[in-house]
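Presented below is the structure to which this report refers.
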Amino acid sequence: DMRKVGGELGWLTLPLKEPGVSECCVCFQTLNGSQFYTYSVCNVEEREQDNWLRTTFIQRGASVSRVFVEIQFLVRDCNSFDGGSLTCKETFNLFMSESDADVGMTFRKGHFLSLNTLHALSGTTGPKRRP
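Heads up, the sequence shown is in UniProt numbering, so the first residue is 1 and it goes up one at a time.
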């Protein structure tokens, strides 16, 4: 349960975050008494976007045949950007990769299988939440 980890998750971003550059951020925050992690992409005015967020290795026992992952997310309404954004999306793509061992910081997009495109709930004007 990642909610119980607190502090730094050790998740990897692509493009890699360079020291002193705030293009993206994985941050632990508390808002209204709730603790959560955020992944923010700040280069919203760039035409070409290819931002990835990868969890650390999820270890499973030999008898485990299925892993369940629950994702809760907020998506900023594209209309909330001043002057609009060239690449704003209210969706993200979910990928997975199976491995018997931790591959560390190795990141090869071709090893990931596309599972689904997750959409924000429609009909809301503020931040959108999808359980």
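Ideal placement from N, C-alpha and C gives every residue a C-beta, glycine not left out.
How would you label V103, buried or exposed, when you count the other beta carbons within 10 angstroms and need 16 or more for buried? Flag for V103 reads exposed.
Inspect the beta-carbon positions of S114 and N93 and report whether they are closer than 8 Å. The answer is yes: Cβ separation under 8 Å.
Length of the line joining the Cα atoms of F36 and T30: Going from the Cα of F36 to the Cα of T30 covers about 6 Å.
From D100 to L9, what does the alpha carbon distance come to, in whole angstroms? CA-to-CA, the gap between D100 and L9 works out to about 21 Å.
Identity of the residue in M96, C88, F112 and F95 nearest Q49 by Cα: The shortest Cα separation from Q49 among M96, C88, F112 and F95 belongs to C88.
What does T91 pair with, by DSSP beta-bridge criteria? Per the DSSP secondary-structure output, T91 pairs in a beta bridge with H119.
Which one of L12, T106 and I71 has the shortest CA to CA distance from residue 136? Here the chain covers residues 1 to 131 and nothing more, so residue 136 does not appear.
DSSP on S99, reduced to helix/strand/coil? Per DSSP, reduced to three states, the secondary structure at S99 is coil, with no helix or strand assignment.
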